[in-house]
Amino acid sequence: MLTLLAIVTGCLYAAGTYMMLRRSLFKLILGLVLLSHGANLLIFTVGGLTRGHAPVIDAGEDVPTSPWADPVPQALILTAIVIGFAVLAFTLTLFHRAYQTLGSDDPDDLKLSDQ
Amino acid sequence: MNDVVLVLPLLIPLLTVALSLLAWRWIAFQRAVALIGAIALLGASVLLFQRVYSVGTIVTQAGAWQAPYGITLVADLFSAIMVVLAGIAGLMVVVFSLASVDKGREAFGYYPLVNALLLGVCGAFLTGDIFNLYVWFEVMLMSSFVLLALGGERPQLQGSIKYVTLNLVSSAIFLAAVGILYGLTGTLNMADLAIRLGESDRPVLVTAVGMLFLVAFGIKAAVFPLFFWLPASYHTPPGPVSALFAGLLTKVGVYALIRMFTLVFVQDNAYTHTLILALSGLTMLTGVLGAVAQQEFRRVLSFHIISQIGYMTMGLGLAGLVESTELATFALAGSIFYIIHHIIVKTNLFLVSTVAGKLCGMVELKRQGGLYLSQPLLAFLFLVPAMSLAGMPPLSGFFAKLSLIKAGLLAEQYLLVATALFVGLLTLFSMTKIWSEAFWKPLPEESPASRNPPNLSSKQMRILLFPIGMMALLTITIGFCAEPVFSVAMRAAEELLQRDGYIRAVMGEAQ
Amino acid sequence: MERFFELDGAQVLGPSLPLAIASIFVLAIAAPWVNRFAGRSAGWLLAILPFCLTAYFASFTGAVASGETFQSELIWVPTLGVNLSCSLDGLSLLFALLINGVGGLVLIYAGGYLEGHPLLGRFYSFLLMFMASMLGLVLSANLLGLFVFWELTSLSSYLLIGFDQSRPQARASALQALLVTGGGGLALMAGLLLLGSAGGSFEIALLQSQAEHLRSHALYVPAVLLILAGAFTKSAQFPFHFWLPAAMEAPTPVSAYLHSATMVKAGIYLIARLSPALGGTDLWIGTVSTVGVCTMLLGAWLALLQTDLKRLLAYSTISSLGTLTFLLGLGGELATQAAIAFLLGHALYKGALFLVAGSIDHSTGTRDVRVLTGLGKVMPITAIAAGLASLSMAGLPPLFGFIAKELSYEVTLHSSAVLITTAAAVTANAFLVAVAIVVGLRPFWGSRNPDLQEAHEVTTPLWLGPVILASLGLVFGVFPQFIADPLVGAASAAVLGRDLSSHLTLWHGFTTALGLSLITLSAGIASFAIRGWLVKAAARWGGIFQWGPTRWYDWALTALNAVALGMTRVLQSGYLRHYLMITLGTMFALASYSLLRHGALTITFDWSDIRFYEAGLAALILFAVFAVIMVKSRLSAIMALGVVGYGVALVFIMYGAPDLAMTQFLVETLTVILFVLVFFHLPESTIVSGSVSRVRDMIISVGVGGVMTFFVLLSTPDSQKALSDYFVTNSKSGGHGQNIVNVILVDFRGLDTMGEITVLTIAAVGVYALLKLRRRSELVETGSTGETIGLVTSAQLAIKEEPTAESQMSSMILCTATRFLLPLLLLFSFFLLMRGHNEPGGGFTGGLVAAAAFVLYRFAFGVAEVNRVLPFDPRVLMGAGLLVALCSGVLALFAGQPLMTGLWNELHIPGVGEVPLGTPLIFDVGVYMAVMGVTLSIILPLAEE
Amino acid sequence: MIQETTSITEIAIGAGLAMIGLALFLTFIRLMIGPTLPDRVVALDLMGVLAVGGIAAYSALVNEPVLMDSGTVLALVGFLGTIGFARYLERRGHNE
Amino acid sequence: MSEQISAGLLLLGSAFMLLAGIGVLRLPDLFMRLQAGTKASTLGIACILLGAAVHFQDIAVTVRAVLVIGFFCMTAPVGAHMIARAAYAAGVPLWEGSITDELAEYRKTSKQTEQDAPMVESESEKS
Amino acid sequence: MTMFLWNILLAIVWGMASGVFTVPNLIFGFLLGYFILRYSQLFLGPSTYFLKVRQVVLFVARYIWELFLANFRVAYDVLIPGAVPKQRLVKRGGPLPPSPLRRNGNLSPYSGDVRAPLAESDYICPGVVAVPLDAKTDIEITLLACLITLTPGSVSLDLSEDRKTLFVHAMYIDNQDVEAYRRSIKEGLERRVLELLR
Ligand code: NA
Ligand code: NA
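Residue numbers (the numbering used here), protein chains in the order written: chain B, 1 to 115; chain Z, 116 to 626; chain V, 627 to 1571; chain G, 1572 to 1667; chain Y, 1668 to 1794; chain D, 1795 to 1992.
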């Protein structure tokens, strides 16, 4: 299963990269989202995979039933997901405003600030 | 061990953020809170520095969970220095903002954002946990995104898009690298990572992960060829925002590079640090050439940031390559000294550029002028940081450059030294370009300021010049007191290179 | 690193020498105020200090002449080897006297010359700053200390050359001087550092004591070349000489002081200072003397061709500097003495002549030698001074210039290449005789040019300096013994590093040198006579000089700008895609090279343990990813993206991460809603990139993805899970919670969460501000107000909302259902919050669900209604949430525990039993509030758009 | 705890998961081919519901009831998404 | 016994789910796809959740399953209604085999009456 | 309503008394309580609760039965090859063929009329039908609309502005008899809903 998820992760990164290189701010954001999915899945996968068992302790016990899934990557990804959401919300709004103000969705039209 | 002084630099800005948000519509309150908070932050950072200076590295285990299990906050001398610098830059920028930021921005969270930025920066300096570092980076980045875009003017939006996109790429790489490190070692504590990576049976992979960190932090630090976001954006937001960015943000990247490549990734120095050295040279050169090509006050300064990042990483690269511990310490101390110098000088130059822009009504150097005659104090206050940046003795920049070049020569990296010297000359060139255009040259007829002179009240002017003057004074002071400052840098470098002290302080008896 | 080196037998002076330097710096700072309060007498007042210092230094002559050296120890930055320690020996003393003596006169002169100039105060300031720096330079006992002052002289020179800043030419010349000397300065720095590392110290005395070691050191050659490069630029040696004539843009007192008497001699000083340590080798002698000869000839020839008084003097100064370099390069007792004597003589006559030139300019308004005639009658005092000085320059007895010239001929006659050096010296000196006639005699001869009606004698400050300097030339010429031992001898001794006694006499008898002097004089007069022809001839051949170093400088600047612009255009192209490509490409290249540089890696693909539904899910995600890339319609892409997100969440569920999946579901849905809200307005993008760029992008993408796949496959965890083992065993006992992920979030790694809600809060502020804070011109579509940079809030302009269309469109069925759902969902969100510590849920999910409830309400009833229903401003709620979270973390501090330590208490609830209550739970409430506030802050304004 | 012996429940759930998976793919095809925006919305909505079912079945398969809660949340926000799209449709029209 | 019941319910539910999927893919117009998608899936989810509840035999799980079923019964029709309404309003065409469109008639007349007279006359009142 | 709460209380009491909080036990307790309460009508006085309970139970049972039936009907149509007209399936993703019933433009000559079905299918015979409402309150209308939608083959499309007519999209207008269909809803579902709620 690791192999499969590794490939899915790679595909997410590849697709994210590809989308970011298109000439559209919209696709750029899609690419960013894919990239962040890729990162999340990567952490999840390299943290080790355990089928089915949540790291939740059953009532009346002190440790979860073995084998439990590693809770650390889960906590990290959870943080990353929420941060990713915040970033995405801002980025979307920014691009939206940029489109309204600059009248273009083409990142190639954004050269003014560099020259 | 439980040191309140260690957490104050986090609590103070966080509290100001929360209070400012609570008083969302009460701007006078936000201004007051921001000012008090900035003063308190500086005070706390000085206390922290004093403490670390006297008792050595201090550590607090957040939540009382013993390292490596909880999140460790740790201040060694390097961190403490950085926090003090953040405090200084923060206070100066807040004071400057009081007289220069428009009502609209103030009404939409300018002050809490500045404080959030400081929070992120301080957090990044103080954390001893790699994922927590990611979180503070995000705090810092998010605040910088918003500060950059706040106001939504055309160039701002254009610059923001590039800034945001490239920094998000950096974050994605950072996050992935953290995940891989966790997979490799099962830990997130940086000291623990240092131990475990040393024992790793997969050194190739460790180095490759190190490369991911190099790229992620290299983007934040604006190292060649990852710096594009910086010149695209830094000149677009209001002056104090640029100043804060210019002073602090890239330096957090440099800080992280230094931390990671002195503490964690030290297994394959011959490879990694040679790479860092090569990138340093290229960074210096491309940055300064970029500056030469610019015709706008803040754009020139922006490219110079890049160029000077090259100097900062140069010391790191040298420190990893030389045999002698003494020389390595010296080189790294050069980097640290350079950072100290740079943060103060660069922040100040951006503040000066803002005042110049306000007085001339334009940002292009061609359409500025006459400030030498009309604003002699400002002219002097420009000259101090500008000459310091160019490495003119006896200002801070001279000693910064001297130490690095000396280290480079001792390490026999002649090509790099030649580059550094050449870049120094070009820095002088572009500083004098600004001086000549904005200050010496008479105000051109077509400049808007010659038609309707700016109406800066003298009170406003005093508030604007106060931080500039303070920082110029600091630049001079660092020059004259280079010995104590440099010896602190030496001690910090020593601590960085002798990892055991840090590791022992963090891990306690658990090790 | 290095310790201050104390020379054996040196007299330790205490801090008096540095204090002397510092006093001038202080005066420099005070000068503008002095000028403001003292008015016309400011120059006189300010000159008091230099004169006092002249006297002070003069008091050392006896002791110094007897071979003593005085030292002041002042440690500055020992770690870097930079010290301000000073030492006073013969060479330093000579320079110190010149600097202070000439400096005082120039200050007085400047008071008259720039009388009434609005920036006179600054001028004094810069001049004094230079004076202090120059004094520091010559007194420094430490090479890096010397360098500090060296650079300061460059800076003050820059400010003074550009003093008349309104003229573009002045600014350009100032820059040129700074770049050339600054560039040299950097070379010098490198050279000094190399020298220091070779010698193990930067203390000059210590270096001198190990000259042998240094000369055989591997770093000797680069060190010498770099140091000489610095010296040559500063002292305007060929091919760096061009900045000096251009520097004549400076006010004349500056030219007199910096660009003839003192600063340009800093390079000479350095060569002299270091020759005991570095001199005597073939490299040294060859380089220094060759460059000196070239400069001497070139300067003299070019001087002859000038028509501007100051440029004439500037080129003649270059020639003299060449002579000095040449003499010092040769080395040896005689040459050194000749050099020192020449240096002194030159400082006196050239300083005087420059000041005279300034007086003439001041008096007549012109410096063109072709029109300046017959001023002797109206400016008698100036004429006398000029006459004396120019005769000294021409090398006529009984002036000091004669003695110096005789000495230099003695040197050439004794040198190894007698013929060449003598011929060169005679030629150069002959031209300089002609120049001396042109500048010092011609303007005062003959009948007055009718155009110069306004000419008048100058005021006291303006003639005092020239007269004193010129007279000194006469006095020293007649009584050379006054200065032979105390100054020239002592200085030469310092340069040679050994004692010697000097015998300067005016009359040596009929020697070969005297013959050469006669030849020189007659040749000089002859060349003055045919000067017109010479100039014409030179004009014919003038093309050569177009290819001179000035051109090189211009080319270098142009090339620099072109390269800089070109490189920047290529790198900083403005194309975000290029930036991304380079950035990601760099990551790919570095990572893959690092992975593969030790040979191929073994990667195991394990397909055995895959369940069918896992494969199906993976396939679904991949299809969706493919769809995101391929579909044309934006909405389809957004939906496919949503499927990817849901698919990832299902992966989380499959491997036991319900919290994660929950959050992912919530976030993904909100993301899709955000996308829909935002792209409501946007048209389809029609740009399709070409196939080449698509293939290129694909290669990069596959590279990036491939590297990441390898990383995942390679970094499968060993069984070392210290962290999670600890969390699992301590979650219930230490964290009082059964949902370990949540305990990690609010307790073990609560600080992460604190940072995270801050990120959320900031993002919400950002979204709100981006949407609500608009430029005035954007809102006032007509743009009638014209150009306004000011920003206004939408509240100020009160955009009219249109609630009518909204409420009409809403479905009654939805509204009714929502009335029931809102309380239900809020209840559910509380449920999630409350149980989060023990079962999936928590502050995040709870907050998100609560926000979702209000979003639903907004969809049903519209913005106005939701604002009415919401009991709080979302921004304030975020702030409150942050504050609650913060306070829950800080409470521990008051209990003497580290930040965010959980404080727990068992709460007795009758009938239920013991309920653990702790600060992490309060923290989670803060998270709940913040997340809810944030989500509402983001979505509600976006939905308003 | 996944039992070693295959029980009737496991077989049923396996078959059920297969059916749900198939349904997901069919729905995904509809999501992609449209042709109108509401078609896609319907498909996406259905995919959410299918996922809830899949989660419930899977949690029964691995005997982990806590997994079902994420299904609950999905059910909830899936509805929100659908309503969001519907509102968007009303304003924008079906032409995307 | 309960094992068989839960297996049966899960199978039945999944079958309905599949049915929904096929329906959404095969049916000729949006409104019909919507029907298949909403209803079969609601029934399917109810069966699956009940099956899971029976499987776990846990009060908390059962209560939640029942609540979620209730929630679905409440939201699914509202959602379907909203999509259908919006789609219709947006002009999504009916299948060409449709035999009547009384809403279109109503809209037309109400638009006319809006202009002419305040009287609203609907198709249903005529009949 | 009070009776309902009593009933629940009794179920909980039963659960506590027996100490087993499993679903079957609680249901058993509820039923037990129901019959006890029903018996206690004798001394507590009559209550509408029991009528309502019967109505609800019958309503739900019948509704679920209809739901199943209708779902199977849809299933047949969807699953049996040929039941769904083929020409539509060919045109995936492409532009829609011109339809006389498309509402844009003035192409509605058939509105209000019944036209012959185009399809070969005997089952699918869709159309939009207006149902006049007796239901008045928000809840009544909403519940009715939801139940209509939940029944396969029909979706509540829209409500007229005067809230007197509900427009329903129906998949099976049997024998192409629109009136019969209208009646079946009015006298079937609406009547039962109103009975339940009033
Ligand atoms: Na992310
Ligand atoms: Na977290």
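Quick reminder that beta carbons are idealized off the backbone N, C-alpha and C, glycines included.
Would you check if the distance between the CB atom of S472/Z and the CB atom of A505/Z is smaller than 8 Å?
Note that residue 472/Z corresponds to Gly in the displayed sequence, not to Ser. No, the Cβ-Cβ distance between G472/Z and A505/Z is not below 8 Å.
Which residues DSSP lists as bridging C1919/D, in chain order
Y1966/D
If I follow the unbroken alpha helix (DSSP H) through I1535/V, where does it start and stop?
From DSSP, I1535/V is part of no alpha helix (DSSP H) but of the beta strand (DSSP E) over W1530 to I1535.
Residues in the stretch 1929-1951 of chain D with C-beta within 9 Å of chain Y's C-beta atoms, listed in sequence order?
T1936, A1939, C1940, L1941, I1942, T1943, L1944, T1945, P1946, G1947, S1948, V1949, S1950 and L1951
List, in chain order, every chain B residue whose beta-carbon is nearer than 8 Å to that of E1635/G.
G52, H53 and A54
Hey, does A1563/G have any beta-carbon neighbour from chain V nearer than 8 Å?
Since the first and last residues shown for chain G are 1572 and 1667, residue 1563/G lies out of range.
Would you verify that the beta carbon of G38/B is, or is not, closer than 8 Å to some beta carbon of chain V?
yes
Can you check DSSP and say which residues form a bridge with V174/Z?
V189/Z
Nearest CA to the CA of A1051/V: which residue from S1034/V, S1042/V, V1330/V and Y1554/V?
S1034/V
Minimum Cβ-Cβ distance from P1889/D to chain Y less than 8 Å:
Low local confidence applies: a pLDDT of 40 at P1889/D is under 50, so the model's placement there is unreliable, with the coordinate-based value given in what follows. So, not an interface residue.
Chain G beta carbons: is any one of them nearer than 8 Å to that of T1776/Y?
no
For A1443/V, go through chain D and note every residue whose CB falls closer than 9 Å to its CB, in chain order.
T1936 and C1940
Which word fits T1086/V, buried or exposed, when buried means at least 16 other C-beta atoms lie within 10 angstroms of its C-beta?
exposed
In three-state DSSP terms, what is T1842/D?
coil
On the DSSP letters alone, give me the boundaries of the alpha helix (DSSP H) that D987/V sits inside.
E959 to T990
C-beta contact flag for H1748/Y and T1943/D at 8 Å:
yes
Same chain only: Cβ atoms within 6 Å of P1546/V, ignoring 5 sequence neighbours per side:
V1372, D1373 and G1528
The alpha helix (DSSP H) spanning Q613/Z covers which residue range?
Where Q613/Z is concerned, there is no enclosing alpha helix (DSSP H), given that its DSSP letter is neither H nor E.
Short Cβ contact (8 Å threshold) for L228/Z with L262/Z:
yes
Touching by the beta-carbon criterion (3+ pairs, under 8 Å), the stretch 184-201 of chain Z and the stretch 209-229 of chain Z
no
Ordered along the chain, which non-local residues of its own chain (more than five positions away) have a Cβ less than 7 Å from that of G224/Z?
none
Give the secondary structure of Q697/V by DSSP, where H, G and I count as helix, E and B as strand, and everything else as coil.
strand
Does E1638/G have its Cβ less than 8 Å from a Cβ in chain B?
This sequence places Leu at residue 1638/G; Glu is not what is there. Closer than 8 Å to some Cβ of chain B, the Cβ of L1638/G qualifies, so yes.
Count Cβ pairs between the stretch 1502-1513 of chain V and the stretch 1324-1341 of chain V that sit closer than 8 Å; are there 3 or more?
no
Please state whether the Cβ-Cβ distance between L1349/V and G623/Z is less than 8 Å.
no
Quick one: is Y750/V buried, meaning 16 or more other Cβ sit within 10 Å of its Cβ, or exposed?
buried
Does chain Z have any CB closer than 8 Å to the CB of S113/B?
yes
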